[in-house]
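Student: In UniProt numbering, the protein residues as written are 1 to 260.
1. With a Cβ-Cβ cutoff of 8 angstroms, do residue 165 and residue 96 count as a contact?
2. I'd like the ranges of any beta strand (DSSP E) spanning at least 3 consecutive residues and lying wholly in the segment 188–229.
3. Is it right to say residue 44 is buried, meaning 16 or more other beta carbons lie within 10 angstroms of its own, or is it exposed?
4. To which residues of the same chain is residue 209 closer than 6 angstroms at the C-beta, ignoring the five residues directly before and after it?
5. So residue 42 and residue 117 are in contact, right, with Cβ under 8 angstroms, and what is the actual spacing, rounded?
6. Could you give the uninterrupted runs of the beta strand (DSSP E) lying entirely in the segment 146–187, keeping only those of 3 residues or more?
7. Please list the terminal residues of the continuous alpha helix (DSSP H) segment that includes residue 97.
8. Looking only at its chain, what residues have a beta carbon closer than 6 angstroms to the beta carbon of residue 275, apart from the 5 residues adjacent to it on each side?
9. At the level of alpha carbons, what is the spacing between residue 155 and residue 93?
10. What number of angstroms, rounded off, separates the C-alpha of residue 69 from the C-alpha of residue 129?
11. Roughly how many angstroms lie between the CA atoms of residue 207 and residue 47, to the nearest whole one?
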């Protein structure tokens with residue numbers, strides 16, 4: 001009996017022509033030595049993934065693109081020096097990449113709430129760093145919903161084991177979510193990453209412009225032994241800055257339904 005169209009085997013050429021899934025990959029230095037070349041190569045590879053993602057009606061607002069790497073301590077120590085701060089104690093410092101509310105008053109409230117949780121948990125807040133960016137490469141739609149983007153540095157003195165430090169940062173993040181869930185700006189506060197090991201730069205951007213938007217990624221002091229890159233195709237949720245990938249632990253390419 002003739003097959004119904006839905007039952008027919010897909011033609012290989014049709015499969016190869018499909019461009020509906022996310023694009024994901026990684027670059028790593030086998031010697032585990034931090035290098036700017038790793039970040040540069042990952043951005044080049046990510047730029048080749050533009051066809052793996054969608055774009056808004058303005059032709060410039062991407063479904064999402066991002067990069068996960070080791071923490072670029074040389075870059076942050078250079079910033080700290082210019083701010084009159086001591087170099088970071090790398091084994092006991094956590095870095096949070098934070099999306100904050102657009103409204104200045106709401107942002108101030110969110111920052112205060114975040115700091116209170118860290119302080120209550122016995123962590124020392126070392127400071128906030130405004131993340132430098134180039135707004136000219138952001139599409140109109142993405143610009144309308146773009147959050148304030150800052151990094152927070154906290155010192156964890158009560159733990160020595162690396163896994164315990166990561167666990168403490170995870171607990172703090174969950175406590176922050178609980179403490180702020182009733183705030184009017186709760187949906188605008190989002191930790192892209194909070195870790196003593198990794199950091200994530202992402203946004204509602206096209207893959208070709210991620211490195212142009214985040215100026216840190218063009219700084220040769222940004223060194224990492226690895227980089228995971230991702231270009232998002234928004235199949236079942238509308239694009240939003242927090243939904244860009246990689247997520248805090250992984251970047252996936254597949255139909256894992258995103259919780260809204």
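Note that beta-carbon positions come from the ideal geometry of N, C-alpha and C, so glycine has one too. Please read these numbers as outputs of a predicted model, since none were measured by experiment.
Tutor: Taking the definition as stated:
1. No. Outside cutoff.
2. When DSSP assignments are scanned along the segment 188–229, the uninterrupted stretches of beta strand (DSSP E) that are 3 or more residues long and fall wholly within it turn out to be 190–195 and 198–203.
3. Around the beta carbon of residue 44, fewer than 16 other beta carbons lie within 10 angstroms, which makes this residue exposed.
4. The beta carbon of residue 209 sits closer than 6 angstroms to those of 137, all from its chain and outside the five residues before and after it, given in chain order.
5. About 32 angstroms; that fails the 8 angstroms criterion.
6. Whole beta strand (DSSP E) segments, 3+ residues: 148–155.
7. No alpha helix (DSSP H) contains residue 97, which is instead part of the beta strand (DSSP E) from 93–100.
8. Here the chain covers residues 1 to 260 and nothing more, so residue 275 does not appear.
9. Cα-Cα distance, rounded: 5 angstroms.
10. Residue 129 has its alpha-carbon roughly 18 angstroms from the corresponding atom of residue 69.
11. So the two alpha carbons sit approximately 5 angstroms from each other.
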